[in-house]
Structure formats: structure tokens, C-alpha cells
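See below for the structure under consideration.
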Amino acid sequence: MKGWRPPAPFLLLLPAVLVLAAVVIIPLILSLYSSFTPFRLTQPASLYTFVGFRNYARILTDLEFWTAFGRTVLLLTVALNVEMLLGLGLAMLVEKATRGQRLLRTIMMFPMMFSPILVGFQFKFMFNDNIGLVNNALQSLGLTNQAIPWLIDGSLAFFAILVAEVWSSTSVFAILILAGLLAMPKEPIEAARVDGCTPWQTFRYVTWPFIMPFAYIAMTIRSLDVARAYDIVKIMTDGGPAKRTELLWTLVSRTAYADARMGLANAMAYVAILLSIVFTVYFFRKLSAARTQIAAEW
Amino acid sequence: MNDNAKARFNGFLLSAAHKIGLFLAMAVICLPGLWIVLASFRPTVEIMAKPPVWIPRDLSFDAYIAMFSGVGQGGIPVIEYFRNSVIISVTSTAIALALGMAGGYAFARFRFKAKSSIFLGLMLTRTVPGIALSLPLFFVYSKLGIIDTHFGLIVAYVALNVPFTIWLIDGFFRQVPKDLAEAAQIDGCTRWQAFWQVEFPLAGPGIASAGIFAFLTSWNEFALASQLTRSVNSKTLPVGLLDYTAEFTIDWRGMCALAVIMIIPALVLTFIVQKHLVSGLTSGAVKG
Chain A
1 MKGWRPPAPF
11 LLLLPAVLVL
21 AAVVIIPLIL
31 SLYSSFTPFR
41 LTQPASLYTF
51 VGFRNYARIL
61 TDLEFWTAFG
71 RTVLLLTVAL
81 NVEMLLGLGL
91 AMLVEKATRG
101 QRLLRTIMMF
111 PMMFSPILVG
121 FQFKFMFNDN
131 IGLVNNALQS
141 LGLTNQAIPW
151 LIDGSLAFFA
161 ILVAEVWSST
171 SVFAILILAG
181 LLAMPKEPIE
191 AARVDGCTPW
201 QTFRYVTWPF
211 IMPFAYIAMT
221 IRSLDVARAY
231 DIVKIMTDGG
241 PAKRTELLWT
251 LVSRTAYADA
261 RMGLANAMAY
271 VAILLSIVFT
281 VYFFRKLSAA
291 RTQIAAEW
Chain B
1 MNDNAKARFN
11 GFLLSAAHKI
21 GLFLAMAVIC
31 LPGLWIVLAS
41 FRPTVEIMAK
51 PPVWIPRDLS
61 FDAYIAMFSG
71 VGQGGIPVIE
81 YFRNSVIISV
91 TSTAIALALG
101 MAGGYAFARF
111 RFKAKSSIFL
121 GLMLTRTVPG
131 IALSLPLFFV
141 YSKLGIIDTH
151 FGLIVAYVAL
161 NVPFTIWLID
171 GFFRQVPKDL
181 AEAAQIDGCT
191 RWQAFWQVEF
201 PLAGPGIASA
211 GIFAFLTSWN
221 EFALASQLTR
231 SVNSKTLPVG
241 LLDYTAEFTI
251 DWRGMCALAV
261 IMIIPALVLT
271 FIVQKHLVSG
281 LTSGAVKG
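In C-alpha cells, the structure reads:
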């Protein structure tokens, strides 16, 4: 039974597409154009000078930009992998719990309701070299005497940011993987045990393929929103000290709003957008591949 | 006998390790939040104390009283921020839900050309980092004169939320068997009636949780809000947090208090939503 209007899905999708076009697509086209100009907010006329690929050429040779780019990719790769592993571990711990599972699941979701900017402040507070919880605890336990400059030393700051990022996003993985574990039929596991599989083999060849799509859903959700790390970094270090924790996004915002070089910033932003798209498309394809595998096996 | 005892001992060790691991994990998850709540009730002297004061000696509501006592007396316009946050989040959520329901229904119930690429295309608009989007939006908004208005942020947040609500609601509609709506239509309902009387109530809890998720996204958003707002006219709570920072110092106690105010609504809503959220995200995964 089809509706009396032939293009019903078209009509249903139209409003969503219109809003997205107005707020995302058209501004993006505008910013694509302005990335070919030396546009500065202070000189509106510069929007009409066309310089071709000069901004992009400048980016290509800009060491600062590529350092930030590399650091962003490094942060995302490490963070996503750690989140995945910790999420898996957490999900399995909770799944094994015999009592109070509802309460545990609720606690597990706790970090999800924290705004990224709040996570940033929270960890800035905790990693504060003078009054932070981390240093206080280390000193009280007698592990160290001096105040460790968590947010002042470059690589320590990177570590602190990583901790904040992992804390705030592990629960996404844990919850979805837990959903997978709970939805999993028990017969294959029992069959594997009867056939003499070790616990590791059971996990590797039975459990893991089943929960993989769930892990990829989590990955996809995360990659839709990778740039939330901007909020955390912006608050914790703002790219400092001396640009040693500068990520793509903080660099873009500094170039745009502090230096007012919109054209250059837009060119950088396009590289950041491409990076996000690559991450998302990659996980979407993994997701559909994992789905077909499941459909074939079960 | 000996083997038996050994196995029992191993089992005991395993379950003890499990309990300890679980406890540690939960502690790591909860501690940062609890520390914030605790800090908001402590006097600044105690927060700054060296050596640290672990067990709070006097708790008070001073930070909250100061916050509400208005600008100039150590307060910030928190009521205005709260109001802006509520207006912007609620309105944008309602609109995003309406659009998401239309879109999700289209994806769940109709076959059409290039369906999966359209779906992926919608999702990709969500990947644009807020800060990258804020540059052209800032420019467009200032030309249109809607910087620092509720309207500007609402429109931006609707666009931010629509892809994800479509994804979630698509999943919830797919869980409702097609036969039910068809049966209703055979019994004389129009498609419109069948939707509102059969499919909508069944997918209702899921749609509500998609709404809560959208609400939380808008409630917590910072990258766009920090560039598109200027004053108490439209500043939201996340941007308001920055009021407690000065060039080199941060009023930790005040900030923690504001953080608590920000979290409470989010906390309540997340607890309501938790069950349905997961089922919506995963429903498509196993069934394909």
C-alpha cells in the first residue's frame, strides 16, 4: 500500500534536508569560497580578492599545522583504541555481575551527561599542579615530593588530555558493547564450550564477532563527534604550553578568532572536516561489513 | 577432594578479583564528579589548602548563595544563563524531533533510490566539527544580524541534532512491526491515523529518549555557542562557566557550583533515557 503522494519519502525528508542545507551546506560552500581568499574579519573587502590555492599552499608547508594535524590523529587513534579496550573490559565486568546490574549500568552512563567543557574544567582542576586531586593524592601517598606540572609540561599535558577524553567517552563503548553482550544468544557459547574451546577461544571466535557491530556503532557515534575534544583541550590547555598540545581544532579557532585570518582558518577547517569524514566513512563501512558477517553467521 | 577444594578456591579468587575490578572501575567513573560536587560546598581556603584537606570540615552553600546574589557581589547572571539554556535546548529539541520523526519514518518505512547514500550524507553533515562550522556561521549570522539571539542558536542546534535523531528514530520505527500499521489500515485507518494511533505510541518511549539525547547535546554544546553568543541575551550555561575564569586565576569553588547546577538536569534526564537509548542505537545492527 503506497501513499497517495508518490514521493512521500521525499516530502518527509525535505524539512530535515532544508535545515541542514541552510545551516551546514550553504555556510560550508561559503567557507570553501573564502578559503580561496585572503579574507580577514577586519578587512571585509578582502573577501572579494581571489588568490586560488595560496592558503592551501601555505598550509602544506606550514610545520605548525602538520604538527597539530599529526597530534590530532595520534590523539584520536590512541583515545579510540583505549576507549574501545576499556569499554570492552568494563562491559564484561558489568555483564558478569550477578547483583545490582541496573545500578552499575546507571553509574556507567555517568560520564556521558558531562558536557565536554565541564570535563575539561573538571580535569583541569584535578590535574592542577598546586591544588589538584592527582598531585595531592600522589604526595599524600608519598609517591612523590614535588608538584608534577601536569598541564605545563608538553607530553604530560597530552597525557592529561588523553585521560580526560578517555574518561568522558569510554562509557559510550561500554554501554553499547554491554548491549551486545546482553543480546547475545547463549547457545553458541555453550556449544563452543562443549566442543572444547578454551575461554580465550570462545571469546575470540564466538563472542567477539558477535559484539563487533556494537563496537562499530560506538565507533561511528564517536567519530560523528570527534571534535568534542576541542572543548576539552580548549579549557585544559588551550593548545599550550607553547603550542605543544595544539590540535587541529584549537589551531583553527586561534587562526580565525585571535588572528582574524578567516580565509586561512577556513582552509584549515576544510582539512579538519575531511579528517572527520574519513573517520566516519571508515567506521560506517566497517559497521555494514560487520553486520553482513553477523547476518551470514547467525 | 583436593581438586575440588582447589577449584573452589580458584573460583573464590576469581570472583574476588571481579568484585575488586568492578569497584575500582566504578570509583574511577564516579570520583571526578563527586570531587566537583564536594568542592562546591567547601570554602576556598580548604580547596587551596597545602597540605590538602581530605575530609571536609565545614560545608556550606556559600558558593550557591554568592552565585545567585547577582553581578557585582561575586555572582554571575546565572538565572539568565539558565533561562537561555532551557529556551534554546527545549525549542531546538522539539523541532529536531519533529524533523527527525519525519525523516526516520521515511527511512524505516519506504524504499527509495540511493537510500543508504542519502543516510550517510545526512550523517556526514554531523561530522563537521563545531568550530569549523562556527567560522562561516559566524559570518552569515553577523550579516543577517542574528548573532547573540536565541533564534540563531536554535537553528544551529536543530541542524546539529537532526542527523542523530533521524538515526535513532529510524531504529525505533524499525522495531515496530510493519504488519501492525497495515492491519490498522485494513481496518479503515488512513496512513496518517495508523501512524499516530499505532506506530507512534509503540515507538513513543524511544522517540522520547531521542529527544532527551538531542536536549543533552544542545544543553552541553560549547564550540558553537561560545562564538555565536555575546551577552546575557543568549549566553548558555556552558559559556557561562567561563565567567569564573580570569586571565590567570580560576574561581574553582564558584565554577564547581555552576557545574553542579548544569549537571542536575542532565543527570535526571539521562537516568530516564538510558534503557531506550541503547536499544535505539543497536536495533538496526543485528537485524541489518
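Chains as they are written, first to last, in UniProt numbering: chain A, 1 to 298; chain B, 1 to 288.
Using N, Cα and C, we set each Cβ at its ideal position, and we do this for glycine too.
Return the chain-ordered list of same chain residues with a C-beta closer than 6 Å to the C-beta of A:Gly70, the five sequence neighbours on each side being excluded.
Within the first sequence, numbered from 1, the residue matching residue 70 of chain A stands at position 70. Correct list: empty, nothing qualifies.
Between B:Asp179 and the rest of its own chain, which residues show a CB-CB distance below 6 Å, the 5 nearest in sequence each way excluded?
Locating residue 179 of chain B in the second sequence gives position 179, counting from the first residue. No residues qualify anywhere along the chain.
DSSP three-state assignment for A:Ile232, whether helix, strand or coil
On the first sequence, residue 232 of chain A is found 232 positions in, with the first residue counted as 1. In the structure shown, A:Ile232 sits in a helix (DSSP, three-state: H, G or I).
Is DSSP giving A:Gln146 helix, strand or coil here?
Numbered from its first residue, the first sequence carries residue 146 of chain A at position 146. Correct three-state label for A:Gln146: coil.
Verify the contact flag: A:Ile148, CB atom, against every heavy atom of the ligand SAH, threshold strictly below 7 Å.
Among the ligands in the structure shown, none appear at all, so the ligand SAH cannot be discussed.
Evaluate contact between the segment 21 to 30 of chain B and the segment 91 to 101 of chain A, counting only Cβ atoms and requiring at least three cross-stretch pairs below 8 Å.
yes
Using the beta-carbon count (16 or more within 10 Å), is A:Gln122 buried or exposed?
For this step, residue 122 of chain A is matched to residue 122 along the first sequence. That one is buried.
Specify the secondary structure class of A:Trp298 as computed by DSSP and reduced to three states.
As a first step, residue 298 of chain A is located in the first sequence; it is residue number 298 there, counting from the start. Residue placement at A:Trp298 is poorly supported in this model, since its pLDDT is 46, which falls under 50; the coordinates are not used for a value here.
Write down the C-beta distance between A:Ala91 and A:Ala174 rounded to the nearest angstrom, noting that I regard them as a contact closer than 8 Å.
Sequence index remark: in the first sequence, residue 91 of chain A carries index 91 (1-based). Sequence index remark: in the first sequence, residue 174 of chain A carries index 174 (1-based). Between A:Ala174 and A:Ala91 the Cβ distance is about 5 Å, and since that is below 8 Å, they are a contact.
For B:Thr245, which three-state DSSP category applies?
By 1-based counting over the second sequence, the position of residue 245 of chain B is 245. If DSSP states are grouped into helix, strand and coil, B:Thr245 belongs with the strands.
Grab the span of the alpha helix (DSSP H) containing A:Phe53 for me, first residue to last.
Taking the first sequence and counting its residues from 1, one reaches residue 53 of chain A at position 53. Segment: none, A:Phe53 is in no alpha helix (DSSP H) and carries neither H nor E.
Beta-carbon proximity of A:Val166 to A:Leu247, cut-off 8 Å:
Residue 166 of chain A sits at position 166 when you count from the first residue of the first sequence. Residue 247 of chain A sits at position 247 when you count from the first residue of the first sequence. No, they are not a contact pair.
Three-state secondary structure (DSSP) at A:Arg204?
Counting from 1 along the first sequence, the entry for residue 204 of chain A is found at position 204. Reduced to three states, the DSSP call for A:Arg204 is helix.
For B:Val37, return the contacting residues in chain A, with the cut-off set at a CB-CB distance below 8 Å.
For this step, residue 37 of chain B is matched to residue 37 along the second sequence. Neighbours of B:Val37 on chain A: none; closest Cβ ~11 Å, over 8 Å.
Specify the secondary structure class of A:Ile211 as computed by DSSP and reduced to three states.
Position 211 of the first sequence, counting from 1, holds the residue named residue 211 of chain A. Note: A:Ile211 maps to helix in three-state DSSP.
Looking only at DSSP bridge pairs, what is A:Arg40 linked to?
Taking the first sequence and counting its residues from 1, the one referred to as residue 40 of chain A is at position 40. According to DSSP, which records beta bridges pairwise, A:Arg40 is partnered with A:Gln43.
Listed from N- to C-terminal order along the chain, which residues in the segment 124 to 136 of chain B have their beta-carbon within a distance smaller than 7 Å of any beta-carbon of chain A?
Leu124, Thr125, Arg126, Thr127, Val128, Pro129, Gly130, Ile131, Ala132, Leu133, Leu135 and Pro136
So with Cβ pairs under 8 Å, would you call A:Tyr230 a contact of chain B?
Here residue 230 of chain A corresponds to residue number 230 of the first sequence, with the count starting at 1. Yes, A:Tyr230 lies at the interface with chain B (some Cβ there is under 8 Å from its Cβ).
So which residues on chain A does B:Ala259 lean against when the C-beta distance must stay under 9 Å?
Reading the second sequence from its first residue, position 259 is the one you call residue 259 of chain B. Chain A residues near B:Ala259: Phe114, Ser115, Leu118, Phe121 and Gln122.
Looking only at its chain, what residues have a beta carbon closer than 8 Å to the beta carbon of B:Lys287, apart from the 5 residues adjacent to it on each side?
Along the second sequence, read from residue 1 onward, the residue named residue 287 of chain B stands at position 287. Any reading at B:Lys287 needs caution, since the residue's pLDDT is 46, under 50, leaving its predicted position unreliable; the model's value is listed next. Closer than 8 Å at Cβ, skipping near neighbours: Arg174.
How many angstroms separate the CA atom of A:Lys2 from the CA atom of A:Val17?
For the purposes of this step, residue 2 of chain A is taken as residue 2 along the first sequence, with counting starting at 1. For the purposes of this step, residue 17 of chain A is taken as residue 17 along the first sequence, with counting starting at 1. Because A:Lys2 carries a pLDDT of 48, less than 50, the predicted location of this residue cannot be relied on, and the following value inherits that uncertainty. Each residue's Cα considered, the two are about 23 Å apart.
Whole angstroms is fine: what's the gap from B:Ala184's alpha carbon to B:Gln193's?
In the second sequence, counting from the first residue as 1, residue 184 of chain B sits at position 184. In the second sequence, counting from the first residue as 1, residue 193 of chain B sits at position 193. Roughly 9 Å between the two C-alpha positions.
Between which two residues does the alpha helix (DSSP H) carrying B:Lys143 extend?
If you number the second sequence from 1, residue 143 of chain B lands on position 143. Looking at the DSSP string, the run of the alpha helix (DSSP H) that includes B:Lys143 is Gly130 to Leu144.
Kindly indicate which three-state DSSP category B:Ala263 falls into: helix, strand or coil?
Position 263 of the second sequence, counted from the start, is the residue given in the question as residue 263 of chain B. The residue you asked about is not Ala; residue 263 of chain B is Ile in the sequence shown. Three-state result, B:Ile263: helix.
Coarse secondary structure for B:Ile65, derived from DSSP in three states
Locating residue 65 of chain B in the second sequence gives position 65, counting from the first residue. It is helical.
Check each candidate in B:Ser15, B:Phe248 and B:Glu199 and name the one with the smallest Cα separation from B:Ala108.
Counting from 1 along the second sequence, the entry for residue 108 of chain B is found at position 108. The option with the nearest alpha carbon to B:Ala108 is B:Glu199.
Give, in chain order, every unbroken run of the alpha helix (DSSP H) that is at least 4 residues long and sits entirely within the segment 81 to 148 of chain A.
101 to 108, 116 to 126 and 133 to 140
DSSP state of A:Ile25, grouped into three classes?
Locating residue 25 of chain A in the first sequence gives position 25, counting from the first residue. A:Ile25: helix per DSSP, three-state reduction.
Measuring only between beta-carbons, confirm whether B:Cys189 sits less than 8 Å from chain A.
Here residue 189 of chain B refers to the residue found at position 189 of the second sequence. Not an interface residue.
Do the segment 7 to 16 of chain B and the segment 225 to 240 of chain A touch if we need at least three Cβ pairs shorter than 8 Å?
no
Go through its chain and collect everything with a Cβ distance to A:Phe279's Cβ below 8 Å, but skip five positions before and after it.
Residue numbering aside, residue 279 of chain A sits at position 279 when the first sequence is read from its first letter. Around A:Phe279: Leu76, Ser223 and Val226.
For the alpha helix (DSSP H) containing A:Tyr257, name the first residue and the last one.
Taking the first sequence and counting its residues from 1, the one referred to as residue 257 of chain A is at position 257. Careful: A:Tyr257 lies outside any alpha helix (DSSP H) and carries neither H nor E.
Step through the CB atoms of chain B and report whether any lies within less than 8 Å of the CB of A:Met1.
Start at 1 with the first residue of the first sequence, and residue 1 of chain A comes out as number 1. In this prediction, A:Met1 scores a pLDDT of 47, lower than 50, which makes its location untrustworthy; the coordinate-derived value is nonetheless stated afterwards. For A:Met1, the answer is yes, since a Cβ of chain B falls inside 8 Å of its Cβ.
Output, in chain order, the set of chain B residues within a Cβ distance shorter than 7 Å of A:Ala272.
Sequence index remark: in the first sequence, residue 272 of chain A carries index 272 (1-based). By Cβ distance, chain B contributes Pro129 and Ala132.
CA nearest to the CA of A:Leu133, picked from B:Ala259, B:Tyr244 and B:Val28:
Working through the first sequence from its first residue, we reach residue 133 of chain A at position 133. When each option's Cα is compared against that of A:Leu133, the closest is B:Val28.
Cβ atoms of A:Ser171 and A:Pro116: under 8 Å apart, would you say?
For the purposes of this step, residue 116 of chain A is identified with residue 116 of the first sequence, where counting begins at 1. For the purposes of this step, residue 171 of chain A is identified with residue 171 of the first sequence, where counting begins at 1. Not in contact: A:Pro116 and A:Ser171 (Cβ atoms no closer than 8 Å).
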